[in-house]
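Notes to accompany the following structure.
Numbering (full-length UniProt numbering), first residue to last: 1 to 290.
Encoded structure:
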């Protein structure tokens, strides 16, 4: 971190802030000058105050300082989601190797969790296993399940961890963990970030249940997703939750696609989510309701 001060100065200048904008109320001008010239290291509490005035998080600062040594959690999980979306097993293998190196270097458990999820996603996307032959996945996901169950209150990390690992669990385990969200979410659960990730957990669970033809739980989690989508005015998520709900109802009642399903698909098409519409049409055709 020899160039921490140089980076602080660069960020400050790019944001059009003066040195006084930063040091005022925290330290003297001379002390801050020594920090920006890499001659002095601030205490951690002062460092946090400086970053707050620069409107930047610790993770973001460390990543800008050295992306290889300090990759942020969001950056790594973005790589994971991209690899999963593209079914890129080579990238998943590289991410597995990278996360193992980071865990060995830092002993930070979040890298161990990422490593397990990357391995599980590799299995799922390489065709090496299915939910009918779940042994390797169960072994990989056991430490994450034990971690989540062992935490009394879930904070943002635990919610993100669950959301990113949902598709790696057996359906029954994913449902069981999803039902804990209401019990384990901490007292800051009204914050926007918490609401967003909770919405996506419920939405992903409704999609997972629909894909596995568990229509009762599709309805259950769709209702929870709809409630959260209404609270946060999330149009796309609201439509997907409602669509999952209607399809599950049609399957249970053995009815053809109703006007609500058709209308939701039309709305998604008008919003240019054609790939999503095509996936739903294939699902409906497979189940003889479209």
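Note that the Cβ used here is the ideal one computed from N, Cα and C, for glycine as well.
Around the Cβ of residue i, are there at least 16 other Cβ atoms within 10 angstroms (buried) or fewer (exposed)?
i: residue 142; result: exposed
i: residue 176; result: exposed
i: residue 67; result: exposed
i: residue 169; result: buried
i: residue 42; result: buried
i: residue 237; result: buried
i: residue 78; result: exposed
i: residue 222; result: buried
i: residue 181; result: buried
i: residue 39; result: exposed
i: residue 9; result: buried
i: residue 131; result: At residue 131, the pLDDT of 49 sits below 50, so the modelled position is not reliable and the matter cannot be decided from this model.
i: residue 63; result: buried
i: residue 99; result: buried
i: residue 271; result: exposed
i: residue 265; result: buried
i: residue 24; result: exposed
i: residue 58; result: exposed
i: residue 85; result: exposed
Check for me: the alpha helix (DSSP H) holding residue i runs from which residue to which?
i: residue 21; result: 19-23
i: residue 121; result: 109-126
i: residue 209; result: 192-211
i: residue 41; result: That residue, residue 41, is in no alpha helix (DSSP H); it is neither H nor E in DSSP.
i: residue 101; result: 89-106
i: residue 244; result: 235-253
i: residue 172; result: 171-179
i: residue 68; result: It is not in any alpha helix (DSSP H) - residue 68 carries neither H nor E in the DSSP assignment.
i: residue 56; result: Element bounds for residue 56: n/a, residue is neither H nor E.
i: residue 276; result: 274-286
i: residue 5; result: 4-14
i: residue 32; result: 29-36
i: residue 260; result: 259-270
Taking Cβ to Cβ, would you say residue i is nearer than 7 angstroms to residue j?
i: residue 197; j: residue 163; result: yes
i: residue 178; j: residue 205; result: yes
i: residue 153; j: residue 110; result: no
i: residue 158; j: residue 151; result: yes
i: residue 35; j: residue 5; result: yes
i: residue 254; j: residue 241; result: no
i: residue 194; j: residue 252; result: no
i: residue 54; j: residue 7; result: no
i: residue 13; j: residue 32; result: no
i: residue 212; j: residue 171; result: yes
i: residue 61; j: residue 51; result: yes
Ignore the nearest five residues each way along the sequence and tell me which others in residue i's own chain have a CB closer than 6 angstroms to its CB.
i: residue 224; result: 202
i: residue 289; result: 250, 256 and 257
i: residue 49; result: 26
i: residue 28; result: none
Beta-carbon within less than 8 angstroms of residue i's beta-carbon, same chain only, minus the 5 sequence neighbours each way: which residues are those?
i: residue 80; result: 92, 95, 114, 117, 118, 121 and 164
i: residue 210; result: 218, 244, 247, 248 and 283
i: residue 160; result: 73, 77 and 197
i: residue 108; result: 102
In this structure, what does DSSP give as the bridge partners for residue i?
i: residue 185; result: 154
CB-CB under 7 angstroms to residue i, same chain, minus the five flanking residues each way: which ones, in chain order?
i: residue 268; result: 239, 276 and 277
i: residue 89; result: 122, 125 and 126
i: residue 144; result: 113, 116, 161 and 165
i: residue 228; result: 195, 198, 199 and 202
i: residue 234; result: 199
i: residue 137; result: 120, 123, 129 and 168
i: residue 296; result: The chain is shown from 1 up to 290; residue 296 falls before or after that span and cannot be answered.
i: residue 287; result: 251
i: residue 37; result: 5
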